[in-house]
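The structure under discussion appears below in the form of structure tokens.
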Amino acid sequence: MSEVSQQVPTSAARVWEVLADGWSYAAWVVGASHIRDVGASWPAVGARLHHSVGPWPLVVHDYTEVVACVPREVLELRARLWPAGEARVKFTITPAGADACRMSVEEHPTRGPAAWAHNPVFEGVLNARNVETLRRLADLAEGRQT
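Numbering (the numbering used here), first residue to last: 293 to 438.
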């Protein structure tokens, strides 16, 4: 399991705009290389985002599905990347003043080899990946115009 958070000098609304824009995922989710399609109802529960992961020509195609959504507060996903497995990924946004918020991400591998590889080295890599993911998300949110 990985759980990381970061305070950013921008509003929860701006962070939510990035999370709610499925086409932006390849710009901030570490490892995602291409977004192939985004369901019209994204980020509603059940909506899917079809992504590719990895460098060409070693690209894996799969999808991520929304399992819970509270606009401007929580987005929980079932992220698939077979044959590596699946994970539950939960993004939480908490206001921290007039123009600041705290973003957190929790990632729990749930199925496949990623779930079986539960060890300190794997968790360290997952934490580092999620720290960078939040940094990229923050950069995009801070750069958004209202």
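All residues carry an ideal CB built from backbone N, CA and C; glycine is no exception. Nothing here was measured: the structure is a model prediction, and the numbers come from that model.
Unbroken beta strand (DSSP E) run spanning residue i, endpoints
i, result
"residue 380", "377 to 387"
Cα-Cα separation between residue i and residue j, rounded to whole angstroms
i, j, result
"residue 322", "residue 425", "6 Å"
"residue 414", "residue 324", "18 Å"
"residue 384", "residue 295", "11 Å"
"residue 435", "residue 320", "13 Å"
"residue 349", "residue 327", "16 Å"
"residue 451", "residue 431", "With the chain running from 293 to 438 in the structure shown, residue 451 is simply not present."
"residue 293", "residue 403", "13 Å"
"residue 360", "residue 369", "7 Å"
"residue 329", "residue 423", "26 Å"
"residue 310", "residue 387", "16 Å"
"residue 316", "residue 376", "23 Å"
"residue 297", "residue 428", "13 Å"
"residue 411", "residue 331", "35 Å"
"residue 406", "residue 389", "37 Å"
Unbroken alpha helix (DSSP H) run spanning residue i, endpoints
i, result
"residue 494", "Outside the modelled stretch of the chain, which goes from 293 to 438, sits residue 494, for which no answer is possible."
"residue 406", "405 to 408"
Three-state class that DSSP yields for residue i in the structure shown
i, result
"residue 440", "Nothing can be reported for residue 440, as the shown portion of the chain is limited to 293 through 438."
"residue 436", "coil"
"residue 364", "coil"
"residue 412", "helix"
"residue 392", "coil"
"residue 322", "coil"
"residue 431", "helix"
"residue 369", "strand"
"residue 359", "strand"
"residue 352", "strand"
Quiz prompt | the segment 296 to 312 in contact with the segment 393 to 412 per 3-pair CB rule at 8 Å | solution = Yes, since at least three Cβ pairs between the segment 296 to 312 and the segment 393 to 412 fall closer than 8 Å, the two stretches touch.
Quiz item: For the 8 Å Cβ check, are there 3 or more pairs between the segment 304 to 313 and the segment 356 to 372?
Solution: Segment contact: the segment 304 to 313 against the segment 356 to 372, three or more CB-CB distances shorter than 8 Å; contact assigned.
Quiz item: At a cut of 8 Å, does the segment 417 to 436 reach the segment 326 to 342 through at least three beta carbon pairs?
Solution: No: the two stretches stay apart, fewer than three of their Cβ pairs being nearer than 8 Å.
Quiz item: Between the segment 339 to 358 and the segment 397 to 405, are three or more C-beta pairs nearer than 8 Å?
Solution: No: fewer than three Cβ pairs fall under 8 Å.
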